[in-house]
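Enquirer:
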Amino acid sequence: MAAGRARRFGTDKRREMLLQNSPLLVATVQSMAAVFDSVRVVIRSDDDPAELGLEPATALPVGAVLVTTVRSVHADQGLGFSIADGFSTLRAPQAIAAAVLLGDMPCITSGTFAMLIEHAAADRIVRPAYQGEAGHPVIFGRDFWGELSQLQDEAGARSVIQRHPEACMRIKVDDPGVLMDADRPEDLAALRERYQSMGTSEYLSARPAS
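Residues in the sequence shown are numbered from 1 upward in steps of one, following UniProt numbering.
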């Protein structure tokens with residue numbers, strides 16, 4: 001999810017550099033593309049994907065991974081509307097689940113993604129927890145895609161999660177990256193330190209599932 005206005009941050013954080021030639025959004029996309037077979041990036045209707053580093057997809061050093069953009073025409077109304085725009089265009093007949101991740105969370109390891117994918121199911125909502133706190137991504141089974149495509153609020157997918165407590169599964173992980181984002185400029189320092197310590201091997205070591 002990369003369609004927000006980042007009002008608390010003050011500038012377009014998607015283009016902020018973590019390391020040389022590693023903008024925040026591109027780094028997040030790379031982390032997912034190292035594990036998933038396809039990645040869909042929800043952006044604003046007036047965004048230029050090339051300016052965000054998202055085109056051509058082959059420029060992303062993650063191998064033969066399909067990275068596409070989805071323009072959210074309702075992005076200014078809130079995260080839930082952007083999620084709805086993303087899921088309303090999702091066509092993946094073979095997929096049993098889809099992960100929702102914010103575009104400013106580049107420090108989640110491939111091992112964490114793989115662990116969450118292992119527990120994914122069509123009738124399940126899976127999310128990581130670090131030291132007792134729920135994080136991202138949230139993996140929604142296919143049974144919930146219809147509800148997600150109808151979201152009309154600013155609170156993201158929280159309402160879907162709250163309606164289905166019996167379907168929710170929290171997976172304990174030893175990965176602070178599931179909680180680390182860049183709401184404010186001062187958050188970037190911690191992200192940069194974590195991202196640099198991980199190195200590309202964290203992302204490129206495995207791609208176990210879609």
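The C-beta atom is built at its ideal place from N, Cα and C for all residues, glycine as well.
If you pair each beta-carbon of the segment 13-25 with each one of the segment 95-102, do three or more pairs fall below 8 Å?
Expert: no
Enquirer: Buried or exposed, going by whether 16 or more other CB atoms sit within 10 Å of the CB of proline 165?
Expert: exposed
Enquirer: Between the C-alpha atoms of arginine 163 and leucine 66, what's the straight-line distance to the nearest angstrom?
Expert: 32 Å
Enquirer: Using the beta-carbon count (16 or more within 10 Å), is aspartate 174 buried or exposed?
Expert: exposed
Enquirer: Bridge partners for arginine 40 per DSSP, in chain order?
Expert: Beta-bridge pairing links arginine 40 to Thr68.
Enquirer: Is serine 201 helix, strand or coil by DSSP?
Expert: With a pLDDT of only 46 at serine 201, under the threshold of 50, the placement of this residue in the model should not be trusted, and no figure is reported.
Enquirer: Tell me the DSSP secondary structure of proline 106 in three-state form.
Expert: coil
Enquirer: Run through the segment 93-162 for me and flag every whole alpha helix (DSSP H) of 4 or more residues, listed as ranges in chain order.
Expert: 110-118, 145-148
Enquirer: Please classify alanine 2 as buried or exposed, where buried requires at least 16 neighbouring CB atoms within 10 angstroms.
Expert: By the 10 Å Cβ count, alanine 2 comes out buried.
Enquirer: Would you say valine 126 and methionine 180 are within 7 Å of each other, going by their C-beta atoms?
Expert: In this structure, valine 126 keeps its C-beta atom at 7 Å or more from the C-beta atom of methionine 180.
Enquirer: Exposed or buried, what is valine 42 when buried is set at 16 or more other beta-carbons lying within 10 Å of its beta-carbon?
Expert: A residue is called buried once 16 or more other Cβ atoms fall within 10 Å of its Cβ, and valine 42 is buried on that count.
Enquirer: Can you tell me where the beta strand (DSSP E) with methionine 1 in it begins and where it stops?
Expert: Per DSSP, methionine 1 belongs to no beta strand (DSSP E) and is neither H nor E.
Enquirer: What residue does the beta strand (DSSP E) around methionine 169 start on, and which one ends it?
Expert: Unbroken beta strand (DSSP E) run through methionine 169: 168-172.
Enquirer: Note down, in chain order, each residue of its chain lying with its Cβ closer than 8 Å to the Cβ of isoleucine 83, except the 5 sequence neighbours on either side.
Expert: Met1, Val42, Val100, Leu148, Leu151, Gly156, Ala157
Enquirer: Is the separation between the beta-carbon of glycine 177 and that of isoleucine 108 shorter than 7 Å?
Expert: yes
Enquirer: Buried or exposed: where does glycine 53 fall if 16 or more other Cβ atoms within 10 Å of its Cβ makes it buried?
Expert: Around the beta-carbon of glycine 53, 16 or more other beta-carbon atoms lie within 10 Å, marking it buried.
Enquirer: How far does the alpha helix (DSSP H) with methionine 32 in it extend, from its first residue to its last?
Expert: 24-33
Enquirer: Can you tell me whether DSSP reads glutamate 16 as helix, strand or coil?
Expert: coil
Enquirer: Serine 210 by DSSP, collapsed to three states: which one?
Expert: Bear in mind that a pLDDT of 36 at serine 210, under 50, signals an unreliable position, so the number given afterwards is only what the model happens to contain. In the structure shown, serine 210 sits in coil (DSSP, three-state: anything other than H, G, I, E or B).
Enquirer: Of the residues Gly4, Gln30, Asp47, which one's Cα is nearest the Cα of tyrosine 195?
Expert: Gln30
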